[in-house]
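Beneath this line is the structure, given in structure tokens, with notes to follow.
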Amino acid sequence: MPELPEVETFRRFTERYALHVPVTDVRVFKPKILENTTELALEQALIGRCLLETRRVGKHLLVRIGSPSEIASSEMKSREMAPPLDLGWLFLHFGMTGFLSYERDGQSVVNAYGNPALPNAHIRVQLALADGGLFNFHEQRMFGKLGLTTDAAAYFQARKLGPDALTVDRETFVAALQKRKGQLKPALMDQSLVAGVGNVYADEALYQCGLHPGRQASGLSAKEVTALHQQVVDVLQRTVAVAADRDQLPAHYMLHQRHPKAVCPSGGHPLSIASFGGRTTYFCPVCQS
DNA sequence: CCACATGTTCATTT
DNA sequence: AAAATGAACATGTG
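Numbered by the numbering used here, the letters in the first sequence go through residues 81 to 369 in order.
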């Protein structure tokens, strides 16, 4: 599930529940989820500190670690205080099944996106906060990662992420596709071309503008590539707007049909299920060409 | 038992 | 060099 809209929802969730409260404890239940760090290093980096701000590119979420006394940067500028101590960033990647939850006072459990009855299982890392809150990173399938980095820009660069798909401008998007040899679907999913589009929303954007996933990326007309840019951004923005709860997306969205009996929301024809770029791809052979 | 699942990375081939 | 392909990773579901 975690493509760009889900991770953006996690980012907002983190902002809402976990910022500006000192961390009192770090519990790692599955060390394998850690990338180039240890439980001890996380404890040293986090305990007694606060999470202060978040940043997201594509499907990657970074959370800045700072001292509890550090105040908001706008306030700081106006008072011309010393620059904040560089305490680095926590990074999270959600793999195939990752998500966040928060609980407090024993009962209230809030999940990062529409999944009301999630069990308390598969918590891999838990941050205990000074207000009694517990901030949980879940990852059933263990493809996700959590770790520390000192430099946010270097973190994104090392992963060769292209411009974020939620805000990529038309000129950049068009230029990237025009020089791309190969099929549309793999191009959209290439995180170095545009960051954040995964299997489901790639299919949706292609469906919404009537483009076949196997089309040559560089072979689109100006009109087609403009429409594709618009749909990529629109599909992602709409999904962010409903906090990545797919049940709230329009009925004419094709992602509701990802099952063997799938039919086109606009004509009722059976959808084709094929492999592009090594991923299962749903598309309408009538509407998309 | 098998096939398949939203992601990324790596090796191999074209 | 770029792009495609397939495997691997770990775990659960149908």
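Cβ coordinates follow ideal geometry from the N, Cα and C atoms, glycine included.
Distance between residue j and residue i (C-alpha atoms, nearest Å)
i: T252; j: D211; result: 44 Å
i: H339; j: Q328; result: 18 Å
i: E115; j: G242; result: 22 Å
i: L300; j: A267; result: 13 Å
i: Q258; j: G186; result: 54 Å
i: A233; j: D105; result: 27 Å
i: L335; j: T247; result: 22 Å
i: K110; j: A256; result: 39 Å
i: P102; j: P148; result: 6 Å
i: D231; j: L99; result: 19 Å
i: A302; j: Y287; result: 18 Å
Where residue i falls: helix, strand or coil (DSSP)
i: H173; result: strand
i: Y287; result: helix
i: V277; result: coil
i: F443; result: Here the chain comprises residues numbered 81 to 369, so residue 443 is not present and cannot be evaluated.
i: R136; result: strand
i: Y333; result: coil
i: V266; result: Here residue 266 is Pro; the residue named in the question, Val, does not match the sequence. Helix, per DSSP.
i: Q21; result: Only positions 81 to 369 of the chain appear in this structure, which leaves residue 21 out of reach.
i: F114; result: The sequence shown places Leu at residue 114, not Phe. The answer is strand: DSSP assigns L114 an E or B state.
i: L241; result: coil
i: R260; result: coil
i: R129; result: coil
i: R326; result: helix
i: A31; result: Because the chain in this structure spans residues 81 to 369, residue 31 falls outside the shown range and cannot be described.
i: V366; result: coil
i: V101; result: coil
Option nearest residue i by Cα separation, candidates the options
i: K225; options: A302, A121, T117; result: T117
i: H173; options: L142, V280, P102, H100; result: L142
i: A342; options: V320, P365, M269, G175; result: P365
i: D249; options: N216, H309, D283; result: H309
i: P345; options: Q296, S181, T306, A331; result: A331
i: T291; options: D325, Q311, R135; result: According to the sequence shown, residue 291 is Leu rather than Thr. L291 has its Cα closest to that of Q311, out of D325, Q311, R135.
i: C130; options: F171, G175, L209; result: L209
Residue burial classification, residue i (beta-carbon count within 10 angstroms, cutoff 16)
i: K261; result: exposed
i: K240; result: exposed
i: T360; result: exposed
i: L228; result: buried
i: R144; result: buried
i: P293; result: buried
i: G178; result: buried
i: H140; result: buried
i: L214; result: buried
i: K265; result: buried
i: V108; result: buried
i: I353; result: exposed
Boundaries of the beta strand (DSSP E) in which residue i is found, first to last residue
i: K225; result: 225–229
i: Q206; result: 203–209
i: L214; result: 214–219
i: L180; result: 178–184
i: T247; result: No beta strand (DSSP E) contains T247, which DSSP labels as neither H nor E.
i: S352; result: 352–356
Span of the alpha helix (DSSP H) around residue i
i: V320; result: 302–321
i: L167; result: Neither: L167 is in no alpha helix (DSSP H) and is coded neither H nor E.
i: E123; result: 119–126
i: T94; result: 84–97
Any non-hydrogen atom of the ligand NAD within 8 Å of residue i CB
i: K259; result: The model depicted lacks the ligand NAD and carries no ligand whatsoever.
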